[in-house]
Amino acid sequence: MISEEVVDLSRLQFAITALYHFLFVPLTLGLSFILAIMESSYVMTGKQIYKDMTRFWGKLFGINFALGVTTGLTLEFQFGTNWAYYSHYVGDIFGVPLALEGLVAFFLESTLIGLFFFGWDRLTRVQHLACTWLLALASNMSALMILIANGWMQNPIGAEFNYETMRMEVSSFSEVIFNPVAQVKFVHTVAAGYCTGAMFVLGISSYYLLNRRDQAFAIRSFAIAAAFGFAGVMSVIVLGDESGYTAGEVQKVKLAAVEAEWETVEPPAAFTIFGLPDQEKMITEHAIKVPWLLGLIGTRSIEHPIIGIKDILEANEQKIRDGMVAYGLLQQLKSGQKDDNTKAQFERHKKDLGYGLLLKKYTDNVVDATEEQIQLAKKDTVPKVAPLFWVFRIMVASGFTMLLIFGIAFYASSTQKVMQYRWLLWAALYAIPLPWIACEMGWIVAEYGRQPWTISGILPTHLSVSTRTSGDLFLSLAGFIGFYTLLFIVEMFLMFKYARLGPSALHTGRYYFEKIGGSA
Amino acid sequence: MTLDYETLKVIWWLFIGILFIGFAIMDGFDLGIGTLLPFIGKTDEERRVLLNVVGPTWEGNQVWFVTAGGALFAAWPQVYATAFSGFYFALLLILFALFFRPVGFDYRSKLPDPRWRNAWDWGLFIGGMVPALVFGIAFGNLLQGVPFHFDTDLRSYYTGSFWGLLNPFGILAGLISLSMLIMQGAIYLQLKTEGVIAERSKKAIFWSGIIFLILFLLAGLWLAYGIDGYRIVSMGKLDAAPNPLGKIVQTETGAWMDNYSYFSWLFMVPMMAIIMTIFTMLLSRLNKPGLGFITSSLTVTGVILTAGISMYPFILPSSSSPNSSLTIWDSSSSYMTLKALFWSTVVFLPIVIMYTSWVYRVLRGKVTVKKIRENTHTAY
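Those protein sequence lines, which keep their order, are chains A and B.
In terms of the working numbering, the first sequence opens at residue 1 and continues consecutively.
In terms of the working numbering, the second sequence opens at residue 521 and continues consecutively.
See the structure below:
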């Protein structure tokens, strides 16, 4: 049997490396478009200041991009190093968007980034602008491919189990690509990236404005960030990820867990703003509710119910029992008993094979699991409610705070009153961490909320790991934490240094520290 | 020619080969230059010349590695799973070494402190030398077979250790890879620089070429007379659903020479590696590094193909359970996936090569100390 410790350490390593990677990705997604907008302004107006803006924010973009590339490398290979059984089991489907990400998007992005930095004197203005736009589009294409892969983990459609190869195999690529969960996730994630890029530029520009440095430069950057961020935050909220939670069985579990909906109530369900979920008693204490809201958010309707956790558990118990039958039939097929009757029966039951595999955590021989083991597996099918409930609310609160800041900033810059709102500048400066908090929390909701599965309803997490030892995992985990921490310190040091220095870092002779001979 | 399953399985052997060869040619010279950085660049400005030779393009080159990894995942899932979980620490060593590169290139010249810069230079040295060496060691171990087996669920169990990879033949293969990529890096340096740096590069080409030739010949003899190759004795239909447990494999010294004895013209492949190395050394001496880069790239191609052809149709032979060995016939993904990936690659890889060529054309010309001084605030 697979040791629980190896499973937990593998999950921890994946969570740490993915969350760390996701500190850099959203800024790349958003800032690349902001650079493209700034450079378009330069090419259209011919004003040098827009070129300086592109180059300065581009410098910060580069510092961030370096760590994005570094940490992305780990993720491309971690499925193989630490999730070998997963890789074997679903590589036929999951590997495809990963391969295409390299071929279609990452190649373009990485090839053009060199020209973005070193091509200013070698390309015409329009050529360079085209590079910048392609860079932005390619980074967003990357996100699309990765989210198609991730969307399939949440809602695995277009694939079938093949007992001869003991793995999932694709049956329809168009279903995998046009997976509704993937599409919603893509829009939600890149829009979150736009908020991140915008908040970064807005906050740092506010810092210059508060210090009354390089005002012409900062106010233009502020205006672009405010408009772009306002559009971004509206998309994030309106096109929230939750709208994808009705597609796919396990997505429904996630929705119920995130909202601590224990019972299926008469639609439309109320939204719990605050409460203390208790998973043992299956109640939420001290709940403060807003009528109708959850039903509207979750189903975009007033007549569809949101299935509560209790009903989900009952349905899952049946699936587990069905999965045991499927597992028994699979053993017969594997032992060579491949008559038509066994095959036909297996075809009928195989959709619940994954639920049978949940029992592998408790017994090797799934078919004779005890009643007690079935109850344990049934309980496992719902992730821990309290952390999801809170993490989700932190994400939403960050989102609405950003909406407020971008909204006011957009109003202030449209009416040219930015300098009159010093409190807004302070707020924007201290709001810089907000989009990162929201993004990290969003990742936790999506992936922690997927437990106990790596592939929803198909492959349990505890079966997905490689056959390594805890010692191996401790060593690699320590290595990642150590190396990443070191790199993070270096990155933050450079980022702060260059952000404080501002456009003087370009050495054009036109900016604050160069004019008064100040030092940074 | 119809694209049946059997044909696609062979094509994907070629495509994965092309991706790895592309990686070794393109990122190979970056790795070689990284290795040479502290030695050919004696002053800060000279080192900056080296960094800026590859600075604008190394990132795109690394994507060959990323894409090869993704393609391995999609086309040979069981190989991706077994090789990377088995070679756990070897792969992590490569990754950790590669981590130094993005930050090394981008951050090094952002501060003037010599200690800062020197530290990153050694980081970039590790980022070049370690992957070049460890990739070779991994190949050396593939040729000897790796200890792993499957249970009936097709879960793989690797029973070797990291230190077990550092056996004599593995290390020999590592040094072949290192010397080959140093040559590849040095010839590119000679092409893109002038003066003292180009002169030092010429020396590096000569010595790495000599060492490569000796080691490569030694490895060939060792492979033919000292190493157990693998041979399929019986297996089901080649277009069957892939399952690595359905065949019988035997091992025998010299079995890796089977393909060369069936098709003697295949000997041209290792011969090409040798002859092209000699050409590279000559062309470097004659100050024709442009042509030299092509011949050196052909050496790289020849070496990888030589290993690939020796093992064909094996990808990952198992020393502890030869019947579990992974071959192109029984470790590929489904017909539908291979076909979809085939068409994506046929469409997109030429596009990648086209815009990559355009970028190199835009960035053509030599990198000089003078140019570094003029762009001291923007260059790497």
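Ideal Cβ placement from N, Cα and C applies to all residues, glycine included.
Compare the Cα-Cα distances from S332(A) to each of I734(B), D673(B), V716(B) and report the closest residue.
As a first step, residue 332(A) must be located in the first sequence, where it is residue number 332. Ser is not the amino acid found at residue 332(A); the sequence shown has Gln there. Checking every option, the nearest Cα to that of Q332(A) belongs to D673(B).
Determine, using beta carbons only, whether V253(A) and I297(A) come nearer to each other than 8 Å.
For the purposes of this step, residue 253(A) is identified with residue 253 of the first sequence, where counting begins at 1. For the purposes of this step, residue 297(A) is identified with residue 297 of the first sequence, where counting begins at 1. Going by C-beta atoms, V253(A) is not nearer than 8 Å to I297(A).
Give the DSSP-derived three-state secondary structure of M792(B) in the structure shown.
Within the second sequence, the letter at position 272 stands for residue 792(B). In the structure shown, M792(B) sits in a helix (DSSP, three-state: H, G or I).
What residue does the beta strand (DSSP E) around E303(A) start on, and which one ends it?
As a position in the first sequence, residue 303(A) is number 303, starting the count at 1. Segment: none, E303(A) is in no beta strand (DSSP E) and carries neither H nor E.
Using a Cβ-Cβ cutoff of less than 7 Å, which residues in the same chain neighbour L108(A) once the five nearest sequence positions on both sides are dropped?
Sequence index remark: in the first sequence, residue 108(A) carries index 108 (1-based). Closer than 7 Å at Cβ, skipping near neighbours: L134, A138.
Neighbouring residues, chain D, relative to E579(B) (Cβ below 8 Å):
As a matter of chain content, chain D is missing from the structure shown, whose protein chains are A and B.
Determine the closest residue to G542(B) out of V889(B), P870(B), Y782(B), with distance taken between C-alpha atoms.
Here residue 542(B) refers to the residue found at position 22 when the second sequence is read from its first residue. Here the closest residue by C-alpha is P870(B).
For V96(A) and S142(A), the rounded distance between their alpha carbons:
The sequence position of residue 142(A) within the first sequence is 142, counting from 1. The sequence position of residue 96(A) within the first sequence is 96, counting from 1. Those two C-alpha atoms are separated by around 13 Å.
Enclosing alpha helix (DSSP H) for I148(A) [first to last residue]
Locating residue 148(A) in the first sequence gives position 148, where the first residue counts as 1. Run containing I148(A): 125–154, per the alpha helix (DSSP H) assignment.
Any idea what DSSP makes of Y411(A), helix, strand or coil?
Your numbering for residue 411(A) matches position 411 in the first sequence. Residue state, collapsed to three classes: helix.
Check each candidate in D364(A), V385(A), A159(A), F480(A) and name the one with the smallest Cα separation from A260(A).
In the first sequence, counting from the first residue as 1, residue 260(A) sits at position 260. Among D364(A), V385(A), A159(A), F480(A), the Cα nearest to that of A260(A) is on V385(A).
Quick one: using the 10 Å Cβ neighbour count with 16 as the cut-off for buried, is D472(A) buried or exposed?
Mapped onto the first sequence, residue 472(A) falls at position 472. Looking at its Cβ environment, which holds 16 or more other Cβ atoms inside 10 Å, D472(A) is buried.
Taking 8 Å as the threshold, find out whether the region 695–714 of chain B comes into contact with the region 644–659 of chain B through three or more Cβ pairs.
yes
Looking at the structure shown, is K767(B) part of a helix, part of a strand, or coil, going by DSSP?
One-based indexing of the second sequence puts residue 767(B) at position 247. Three-state result, K767(B): strand.
Does the beta carbon of L669(B) come closer than 8 Å to any beta carbon on chain A?
Looking up residue 669(B) in the second sequence gives position 149. The sequence shown places His at residue 669(B), not Leu. Not an interface residue.
Closest Cβ-Cβ distance between L12(A) and chain B: below 8 Å?
Residue numbering aside, residue 12(A) sits at position 12 when the first sequence is read from its first letter. No, L12(A) does not count as interfacial toward chain B.
With 8 Å set as the bound, which would you pick, yes or no: does the beta-carbon of L472(A) sit closer than that to a beta-carbon of chain B?
Position 472 of the first sequence, counting from 1, holds the residue named residue 472(A). The identity of residue 472(A) in the sequence shown is Asp, whereas the question assumes Leu. Judged by the 8 Å Cβ criterion, D472(A) is in contact with chain B.
Identify which residue in M153(A), P267(A), E285(A), E266(A) has its Cα closest to the Cα of F521(A).
Past the edges of chain A, shown from 1 to 520, lies residue 521(A), and the structure says nothing about it.
Can you find a CB in chain B that lies within less than 8 Å of the CB of K343(A)?
The residue given as residue 343(A) occupies position 343 in the first sequence. Not an interface residue.
Taking C-alpha atoms, which residue in G822(B), W849(B), W636(B), T821(B) lies nearest to F834(B)?
Here residue 834(B) corresponds to residue number 314 of the second sequence, with the count starting at 1. The residue with the shortest Cα to Cα distance from F834(B) is W849(B).
Compare the C-beta of V887(B) against all C-beta atoms of chain A and say whether one is closer than 8 Å.
Locating residue 887(B) in the second sequence gives position 367, counting from the first residue. Taking Cβ atoms only, chain A never reaches closer than 8 Å to V887(B), which makes this a no.
To the nearest angstrom, how far is the alpha carbon of Y750(B) from that of G660(B)?
Looking up residue 750(B) in the second sequence gives position 230. Looking up residue 660(B) in the second sequence gives position 140. Using only the alpha carbons, I get a separation of about 14 Å.
Using a Cβ cut-off of 8 Å, pull out every chain B residue sitting near F228(A), in sequence order please.
On the first sequence, residue 228(A) is found 228 positions in, with the first residue counted as 1. Ordered by position in chain B, no residue passes the 8 Å Cβ test against F228(A), which lies about 25 Å from the chain.
Near K630(B), which residues of its chain fall below 7 Å by C-beta distance, leaving aside the five closest residues on each side in sequence?
Reading the second sequence from its first residue, position 110 is the one you call residue 630(B). Correct list: empty, nothing qualifies.
Which of helix, strand or coil DSSP assigns to Y163(A):
Looking up residue 163(A) in the first sequence gives position 163. Three-state DSSP puts Y163(A) in coil, outside helix and strand.
Can F116(A) be considered in contact with the ligand ATP, in the sense that its beta carbon sits closer than 7 Å to one or more heavy atoms?
Absence of the ligand ATP from the depicted structure is noted, as is the absence of any ligand whatsoever, leaving it without description.
Spatial neighbours of H669(B) in its chain, beta-carbon cut-off 8 Å, leaving aside the 5 residues before and after:
As a working mapping, residue 669(B) is identified with position 149 in the second sequence. Here the set comprises S676, Y677, T679, S838, S840, S841, S844.
F620(B), buried or exposed, once every other Cβ within 10 Å from all chains shown has been counted against 16
Counted from its first residue, the second sequence places residue 620(B) at position 100. When all chains shown are included, F620(B) counts as buried.
I'd like to know whether the C-beta of S519(A) is nearer than 8 Å to at least one C-beta of chain B.
As a first step, residue 519(A) must be located in the first sequence, where it is residue number 519. The predicted model places S519(A) with a pLDDT of 46, which falls under 50 and marks its position as unreliable; any figure quoted below should be read in that light. No, S519(A) lies away from the interface with chain B (no Cβ there is under 8 Å from its Cβ).
Under 8 Å, Cβ to Cβ, is there at least one residue of chain A near R637(B)?
The residue you call residue 637(B) lines up with position 117 of the second sequence. For R637(B), the answer is no, since every Cβ of chain A falls outside 8 Å of its Cβ.
Integer-rounded CB distance, given that L611(B) should sit under 8 Å from F604(B)
Taking the first residue of the second sequence as 1, we reach residue 604(B) at position 84. Taking the first residue of the second sequence as 1, we reach residue 611(B) at position 91. Contact flag correct, Cβ pair sits at about 5 Å.
Return the Cβ separation of A793(B) and G822(B) in integer angstroms, given the expectation that the two are a contact with Cβ distance under 8 Å.
As a first step, residue 793(B) is located in the second sequence; it is residue number 273 there, counting from the start. As a first step, residue 822(B) is located in the second sequence; it is residue number 302 there, counting from the start. That pair is a contact at about 3 Å.
Identify which residue in I707(B), G756(B), F783(B), S681(B) has its Cα closest to the Cα of P809(B).
Stepping through the second sequence from its first residue, residue 809(B) is reached at position 289. The shortest Cα separation from P809(B) among I707(B), G756(B), F783(B), S681(B) belongs to I707(B).
Interface flag, D92(A) vs chain B, CB-CB below 8 Å:
In the first sequence, the residue the question calls residue 92(A) occupies position 92. Interface residue, yes.
Along the beta strand (DSSP E) that carries Y832(B), what are the first and last residues, could you check?
In the second sequence, the residue the question calls residue 832(B) occupies position 312. Looking at the DSSP string, Y832(B) is not in any beta strand (DSSP E), and its letter there is neither H nor E.
Within 8 Å, strictly: CB atoms of E164(A) and N763(B):
In the first sequence, the residue the question calls residue 164(A) occupies position 164. In the second sequence, the residue the question calls residue 763(B) occupies position 243. Taking 8 Å as the Cβ cut-off, E164(A) and N763(B) qualify as a contacting pair.
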